[in-house]
Structure formats: structure tokens, C-alpha cells
Amino acid sequence: MATQEAANKPRPVKVQWQRGDIAEEYRGSILETVAMVAETHPEADSLTRELKNQLDAIYAPTWQVVVGKSFSSYVTHEKGSFGYIQCNQLAVMIFRAGL
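Each residue of the sequence shown is one higher than the one before, starting from 1 at the first, in the UniProt record's numbering.
#1: CB-CB under 7 angstroms to residue 34, same chain, minus the five flanking residues each way: which ones, in chain order?
#2: Roughly how many whole angstroms lie between the Cα atoms of residue 17 and residue 69?
#3: Within 10 Å of its beta-carbon, does residue 82 have 16 or more other beta-carbons around it, so buried, or fewer, so exposed?
#4: With a threshold of 16 other CB atoms inside 10 Å of the CB of residue 76, please say whether the residue is buried or exposed.
#5: Output needed for residue 11: all residues of its chain with C-beta closer than 8 angstroms, excluding positions within five of it in sequence on either side, in chain order.
Here you go:
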């Protein structure tokens, strides 16, 4: 019984800013948003969806979110909107691309 309770207990979410050109004043808020979403959506697909919804709601639309364990990228983004974050064992890349 104790092992089942331990398995169901949520892991603490650890987020760390890796790199990007988002202004320092927004990084803390973005890290908090990533941590909050990751607490309830620990899987990559649901984390991606919900994080995009949250970023669009807080900072206005056209945020793009990529979540995975291992990937590389080359993206064109709006200046000051790129961030690469480590969230537990997942890499989270966010950027804004206007239409």
C-alpha cells in the first residue's frame, strides 16, 4: 500500500532557465507558469498543449511550444520571445511567431 501511495504522489517540479532572449523581467513569471502547468500535466503532449494555452492567455497569442526529451531546432521567432527551459527530464522550447 505504501509503495502505491508513493507512486501516486506527485514529483516536485524542477524548472531551470537554459537560454533565450526573453527579458529578465519575464523569465521568473514564465518559469512559474511552466512549473504550475507541469504539476498537473507531467506528460509531454498535455504539457505542450496547456502551456501554449497559458502563454497565449497571459502574454497574448501566437506562442509555439515544443516539449520533448531530445530534439534540435532552428526557428524564426519574434525578437525577445525565445526561451529554452529544462523541466524535470523534459526540454521545453517556447517562442512567439506572429502571423
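By construction, the Cβ of each residue, glycine as well, lies at the ideal position given by its N, Cα and C atoms.
Concretely, from the data shown:
#1: 15, 51, 85, 87 and 92
#2: 16 angstroms
#3: buried
#4: exposed
#5: 42 and 88
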